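Protein chains in written order, with my numbering: chain P, 1 to 113; chain G, 1 to 108.
Positions of the beta carbon are idealized from the N, C-alpha and C atoms, including for glycine.
Keep in mind the model is a prediction, meaning the values are calculated, not measured.
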């Protein structure tokens with residue numbers, strides 16, 4: 001089925017470890033986004049990519065890096081994980097920055113111990 | 001900081017009743033969107049209303065937008081137990097900013 005695929009679904013890291021969250025969409029969307037969701041809070045934007053080859057910081061970019069590998073894929077990297085990065089991470093995409101809704105992946109639940 | 005702020009934070013109703021959720025925002029917008037999130041899942045886009053529209057319908061959903069008050073409301077009519085979820089408004093400028101959501105519980 002068409003949509004946004006995130007891997008892995010669950011991950012436990014030790015403080016200081018690194019990892020990359022993968023996101024791929026097969027809808028030919030131009031824009032892709034990474035959000036984090038903490039209990040009782042809405043989604044906070046980490047980074048986004050308005051189009052292939054561009055990336056921009058969102059509200060909470062510290063401690064993260066991103067790569068827009070191609071039009072389909074947008075990865076999020078934690079270089080040195082911290083307990084404060086324990087969260088659920090969502091990737092989303094949309095066709096353009098115009099009047100389109102987002103399509104979300106099912107999320108990656110990350111725990112940093 | 002979050003752009004949209006939903007009210008109430010939690011709402012509990014009986015099946016068949018209507019549910020109304022409100023959203024306030026702070027800056028000018030291109031459009032406003034509502035999303036639903038079932039527990040442990042990603043968000044699902046429900047409806048989009050443009051800044052030059054005042055009301056929009058989609059099935060049992062009715063959305064209003066008042067740009068002068070910087071507010072929107074989502075009405076779910078004849079609610080069902082399956083409507084139990086968290087509902088978020090999101091405002092679209094260069095990117096999308098979400099509120100903390102309204103947790104709706106529909107009791108059968």
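Straight through space, the alpha carbons of residue 102 of chain P and residue 51 of chain G are spaced by roughly 17 Å.
Look at the segment 6–38 of chain G: the residues with a C-beta under 9 Å from a C-beta of chain P are 6, 9, 30, 31, 33, 35, 37. The alpha-carbon of residue 53 of chain P is positioned some 48 Å away from that of residue 15 of chain G. In the DSSP annotation of this structure, the continuous segment of the beta strand (DSSP E) that includes residue 19 of chain P starts and ends at 19–25. The beta carbon of residue 57 of chain P sits closer than 7 Å to the beta carbons of 47 from its chain, once the five residues preceding and following it are set aside; these are given in chain order. For residue 33 of chain G, the enclosing beta strand (DSSP E) has its first and last residue at 31–37. Residue 111 of chain P and residue 37 of chain P have their C-alpha atoms spaced approximately 13 Å apart. Sequence-distant Cβ neighbours of residue 95 of chain P in its own chain, meaning closer than 8 Å and more than five residues away, are 27, 28, 29, 30, 31. Going by beta carbons, residue 90 of chain G and residue 30 of chain G fall outside the 9 Å limit. Contact between residue 40 of chain P and residue 10 of chain G fails: their C-beta atoms lie close to 11 Å from each other, not under 8 Å.
Secondary structure at residue 51 of chain G: coil, using DSSP grouped into helix, strand and coil. Going by beta carbons, residue 22 of chain G and residue 74 of chain G fall inside the 9 Å limit.
Our two residues, residue 66 of chain P and residue 78 of chain P, have alpha carbons roughly 9 Å apart in a direct line. Taking all protein chains shown into account, residue 76 of chain P has 16 or more neighbouring C-beta atoms within 10 Å of its C-beta and is therefore buried. From the beta-carbon of residue 41 of chain G, the residues of chain P found nearer than 9 Å are 104, 106, 107. Taking the Cα of residue 65 of chain G as reference, the smallest distance to any Cα among G/46, G/19, G/25 is reached at G/25. Close partners of residue 100 of chain G in chain P (Cβ separation under 7 Å): 40, 41, 42. The Cβ atoms of residue 67 of chain G and residue 86 of chain G do not sit closer than 9 Å to each other. In this structure, residue 68 of chain P sits away from residue 24 of chain P, with a CB-CB distance that is not shorter than 9 Å.
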